[in-house]
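Student: Dumping the structure here so I can ask a few things about it.
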Amino acid sequence: MRCPPFWLKVQTVWLVLILLLTAGFYRLGLDFSLIREKLPFMLGLRLTPNGFVQGAVLTLVITVVSMAVSLLVAVLTALGRLSRNPVAFGVATFYASFFRGTPLLVQVLIIYLALPQFGLVLSGFTSGILALSLNYGAYLAETIRAGIASVPKGQREAAMALGLGRYLIGVKIVAPQAMRFIIPPAGAQFISMLKDSSLVSIMGLWELNFLAQSFGRSTYHYMEMLLSAAVIYWILSIGLEIMQNRLERHFGRSIAAER
Numbered sequence: 634m635r636c637p638p639f640w641l642k643v644q645t646v647w648l649v650l651i652l653l654l655t656a657g658f659y660r661l662g663l664d665f666s667l668i669r670e671k672l673p674f675m676l677g678l679r680l681t682p683n684g685f686v687q688g689a690v691l692t693l694v695i696t697v698v699s700m701a702v703s704l705l706v707a708v709l710t711a712l713g714r715l716s717r718n719p720v721a722f723g724v725a726t727f728y729a730s731f732f733r734g735t736p737l738l739v740q741v742l743i744i745y746l747a748l749p750q751f752g753l754v755l756s757g758f759t760s761g762i763l764a765l766s767l768n769y770g771a772y773l774a775e776t777i778r779a780g781i782a783s784v785p786k787g788q789r790e791a792a793m794a795l796g797l798g799r800y801l802i803g804v805k806i807v808a809p810q811a812m813r814f815i816i817p818p819a820g821a822q823f824i825s826m827l828k829d830s831s832l833v834s835i836m837g838l839w840e841l842n843f844l845a846q847s848f849g850r851s852t853y854h855y856m857e858m859l860l861s862a863a864v865i866y867w868i869l870s871i872g873l874e875i876m877q878n879r880l881e882r883h884f885g886r887s888i889a890a891e892r
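All residue numbers for the sequence shown refer to my numbering, where the first residue is 634 and numbers rise by one.
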């Protein structure tokens, strides 16, 4: 008799565990009617009273924008870390050290609460994106730097011998090889960013964590609301994991072909 494939066994284990968790939630006597009532708001299917997005949709917007900005910051910082220019190297290392060495929550509070003391007033949305981008940009910079450094120097020298310019060497030679080493840790950091976006709730933004706490406070059913938020975060994280796995397979095709 043919043994079931490994992936089918894994999916079966997941299904059994999910069923056990669901059964356990039912045994707790949770108010599922309340969850159904509040779920459209938490998912972001309803707009706020002033017509702005909320819930999981706002969480995704903050995360996606922060991903894009942090990538730009990280690439510039990584290039600065690899530069022989003392000014560029000094600025890059100082920035990375500061934002990696201080808590994200403190950075959020400084940007949102302390900067207005000096006349720079930013909205909660802008402050959240700025804090997440600067914090994760510092971590991503080290990931990108390590990925670039992993490409053998001979690859660049061979490309220069063929007369290729620095831009083409970076885009066509270095980047595709470095991505195999960059994507796994970068994907993990983006998933962490998705969860850390909950910190913007302290600024009054109606994102997922803020709504879960607000509905729990108003109904005295914290368990239902916080569990719902946890499940939504989990599903969003799984979506990012799937994207990460596809990117890993795409940039790892050459290695897979050699095997």
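Where a beta carbon is used, it is the ideal one built from N, C-alpha and C, also for glycine.
Tell me the rounded alpha-carbon separation between L782 and R879.
Tutor: Locating residue 782 in the sequence shown gives position 149, counting from the first residue. Locating residue 879 in the sequence shown gives position 246, counting from the first residue. For the record, residue 782 in the displayed sequence is Ala; it is not Leu. Each residue's Cα considered, the two are about 24 Å apart.
Student: Roughly how many angstroms separate the alpha carbons of R892 and R882, rounded to a whole number?
Tutor: The residue you call residue 892 lines up with position 259 of the sequence shown. The residue you call residue 882 lines up with position 249 of the sequence shown. Only weak support exists for where R892 lies, its pLDDT of 49 falling under 50; the value from the coordinates is given anyway. The straight-line gap from Cα to Cα measures roughly 14 Å.
Student: Let me know the alpha helix (DSSP H) ranges lying completely inside the segment 806-838, each 4 residues or longer, listed in chain order.
Tutor: The segment 806-838 contains these whole alpha helix (DSSP H) runs: 808-829.
Student: By how many angstroms is the C-alpha of A729 removed from the C-alpha of L765?
Tutor: On the sequence shown, residue 765 is found 132 positions in, with the first residue counted as 1. On the sequence shown, residue 729 is found 96 positions in, with the first residue counted as 1. Taking the straight line joining both Cα atoms gives about 13 Å.
Student: Check the C-beta distance from A707 over to L773 and give it rounded, since I have them as a contact under 8 Å.
Tutor: Against the sequence shown, residue 707 aligns to sequence position 74. Against the sequence shown, residue 773 aligns to sequence position 140. Indeed, because the Cβ distance is near 4 Å, the residues count as touching under 8 Å.
Student: What are the partner residues of E840, as DSSP defines its beta bridges?
Tutor: What you label residue 840 is simply residue 207 of the sequence shown in a count that begins at 1. The partner list for E840 (beta bridge, DSSP) reads G688.
Student: Compute the distance between the beta-carbons of G770 and S703, then report whether it is under 7 Å.
Tutor: The residue you call residue 770 lines up with position 137 of the sequence shown. The residue you call residue 703 lines up with position 70 of the sequence shown. Their beta carbons are under 7 Å apart, which means G770 touches S703 by this criterion.
Student: Alpha carbon to alpha carbon, how far is A791 from V724? Give it in angstroms, no decimals.
Tutor: Your numbering for residue 724 matches position 91 in the sequence shown. Your numbering for residue 791 matches position 158 in the sequence shown. Each residue's alpha carbon lies about 31 Å from the other.
Student: Which residue wins for smallest C-alpha separation from M858, given the options L715, F814, K828 and K671?
Tutor: Counting from 1 along the sequence shown, the entry for residue 858 is found at position 225. Closest by alpha carbon: K671.
Student: What residue does the alpha helix (DSSP H) around I865 start on, and which one ends it?
Tutor: Within the sequence shown, the letter at position 232 stands for residue 865. Counting along the chain, the alpha helix (DSSP H) containing I865 begins and ends at Y855 to F884.
Student: Hey, quick one: how far does the alpha helix (DSSP H) through L753 stretch, first residue to last?
Tutor: In the sequence shown, counting from the first residue as 1, residue 753 sits at position 120. That residue, L753, is in no alpha helix (DSSP H); it is neither H nor E in DSSP.
Student: Using a Cβ-Cβ cut-off of 6 Å (strictly less than) and excluding sequence neighbours within five positions of V741, which residues of its own chain qualify?
Tutor: The residue given as residue 741 occupies position 108 in the sequence shown. For V741, where only same-chain residues beyond five positions count, the Cβ hits under 6 Å are A764 and L832.
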